[in-house]
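To keep things clear, I will list the structure first and then write my remarks on it.
Numbering (UniProt numbering), first residue to last: 1 to 332.
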């Protein structure tokens, strides 16, 4: 096998996703370019960790699956950092526990790392709606709400400011240079759906390594399950508000210029075009057009409200986060 060895990290936290977790691991085992190992990191749930350890006690088809407990505070960032510290591969890839990767997912990642300047590669994440189809009111421009690739991202293999965490990979040396995922920003089980930890890391990486190239290759595809509860406007509103809170934390960490650089283009170009399409569809009596236009406006306003609240909290020192030095973590 030519190219870098790739360790795949899957973070899990609840037995409610048992079948999803097994499907995610199976999709890694079925890769056309085999992974060096799969690391299942369990977030402070001993019953789940023990169950997974029994499930993957014996290697299958030569594929190593290691089950680990999150060694840090509760949350996705610390879980990922635990996987990074334990990983043996030159490249560390991340797959959501409720997603399955297409067969050539890792092959497309590995090809990009032939260029030594490439420090991170992300892919395309497609939604799998629990109801069987996208809700008519749900705009593609806001697919990030459900952890998927959204309308407005560039197509092909292109340079980007940041990759999206549920379908991403990094050179191990990227963490040596920039540290790990900041704890206190990302998801924490069933609490408010914060995010942006991968954005903050990528900006920090570009500062630590100005020559670093970060890519998205939309041929590296995963399919992400969207549960029924996330198909409703209530979740949409909650998630967009949480995104505003998260962006405020990112801006505090890396500055508003870089922290909101991509968001300015998204807000001033992509979203107005989406509203126009929705209104046009409404005028043509196409279903969902008015709802999509309204959802875009509501999403912008709710995210802006979250950003204001998050900025005030950050200014008052109400929120803290830490960036671990992964070289030290790996030696412990």
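Glycine included, each C-beta is placed from N, C-alpha and C at the ideal position.
From a predicted model like this one, the values you see are computed outputs, not experimental measurements.
If I'm right that residue i touches residue j with Cβ under 8 Å, what's the distance once you round it to whole angstroms?
| i | j | result |
| --- | --- | --- |
| residue 9 | residue 92 | 6 Å |
| residue 70 | residue 25 | Wrong, their Cβ atoms sit about 17 Å apart, outside the cutoff. |
| residue 162 | residue 324 | At roughly 19 Å, the Cβ-Cβ gap does not stay under 8 Å, so residue 162 and residue 324 are not in contact. |
| residue 275 | residue 304 | Not a contact, Cβ separation roughly 15 Å. |
| residue 141 | residue 296 | 6 Å |
| residue 266 | residue 83 | Actually they are not in contact, since the Cβ atoms of residue 266 and residue 83 sit about 30 Å apart, beyond 8 Å. |
| residue 103 | residue 30 | 6 Å |
Would you mind working out which of the options sits nearest residue i, comparing C-alpha positions?
| i | options | result |
| --- | --- | --- |
| residue 77 | 119, 96, 110 | 96 |
| residue 178 | 160, 198, 83 | 198 |
| residue 17 | 36, 324, 99 | 99 |
| residue 130 | 34, 290, 225, 251 | 225 |
| residue 203 | 148, 164, 12, 240 | 164 |
| residue 333 | 284, 276, 87 | Only positions 1 to 332 of the chain appear in the structure, and residue 333 is not among them; the question remains open. |
| residue 250 | 240, 15, 196, 292 | 196 |
| residue 33 | 281, 220, 284, 149 | 220 |
| residue 243 | 271, 309, 90, 47 | 309 |
| residue 23 | 223, 263, 283 | 223 |
| residue 119 | 70, 81, 142, 173 | 173 |
| residue 306 | 12, 241, 40, 14 | 241 |
| residue 79 | 245, 150, 49 | 49 |
| residue 28 | 13, 153, 167 | 167 |
| residue 15 | 153, 326, 51 | 51 |
| residue 114 | 123, 103, 90 | 90 |
| residue 209 | 128, 263, 229, 175 | 175 |
| residue 262 | 134, 109, 160, 103 | 160 |
| residue 246 | 85, 183, 19, 136 | 183 |
Buried or exposed for residue i, please, with buried defined as at least 16 other CB atoms from any protein chain shown within 10 angstroms of its CB.
| i | result |
| --- | --- |
| residue 116 | exposed |
| residue 259 | At residue 259, the pLDDT of 49 sits below 50, so the modelled position is not reliable; the number obtained from the coordinates is stated separately. So residue 259 ends up on the buried side. |
| residue 268 | exposed |
| residue 315 | exposed |
| residue 2 | exposed |
| residue 333 | There is no way to answer for residue 333, as the model of the chain reaches only from 1 to 332. |
| residue 37 | buried |
| residue 57 | exposed |
| residue 190 | With a pLDDT of 49 at residue 190, under the threshold of 50, the modelled position of this residue cannot be trusted, and the question is left open. |
| residue 273 | exposed |
| residue 156 | exposed |
| residue 328 | Reliability of the predicted coordinates at residue 328 is poor, the pLDDT of 45 falling under 50, and the value obtained from them is presented with this limitation in mind. Classification for residue 328: exposed. |
| residue 232 | exposed |
| residue 312 | exposed |
| residue 6 | buried |
| residue 127 | buried |
| residue 154 | exposed |
| residue 54 | exposed |
* Assess, as a yes-or-no matter, whether the segment 207 to 216 is touched by the segment 226 to 240 under the definition of 3 or more beta carbon pairs within less than 8 Å. => no
* Residue ranges of each beta strand (DSSP E) run of no fewer than 3 residues wholly in the segment 116 to 187, ordered along the chain? -> 118 to 129, 157 to 159, 167 to 171
* For the segment 209 to 281, list the beta strand (DSSP E) runs that are entirely contained and at least 3 residues long, ordered along the chain. => 213 to 226
* Asked: At which residue ranges does the segment 6 to 43 contain complete alpha helix (DSSP H) runs of 4 or more residues, listed in the order of the chain?
  -> 18 to 29
* Kindly provide the ranges of any alpha helix (DSSP H) runs that are 4 or more residues long and lie completely inside the segment 72 to 118, ordered along the chain. => 76 to 86, 105 to 112
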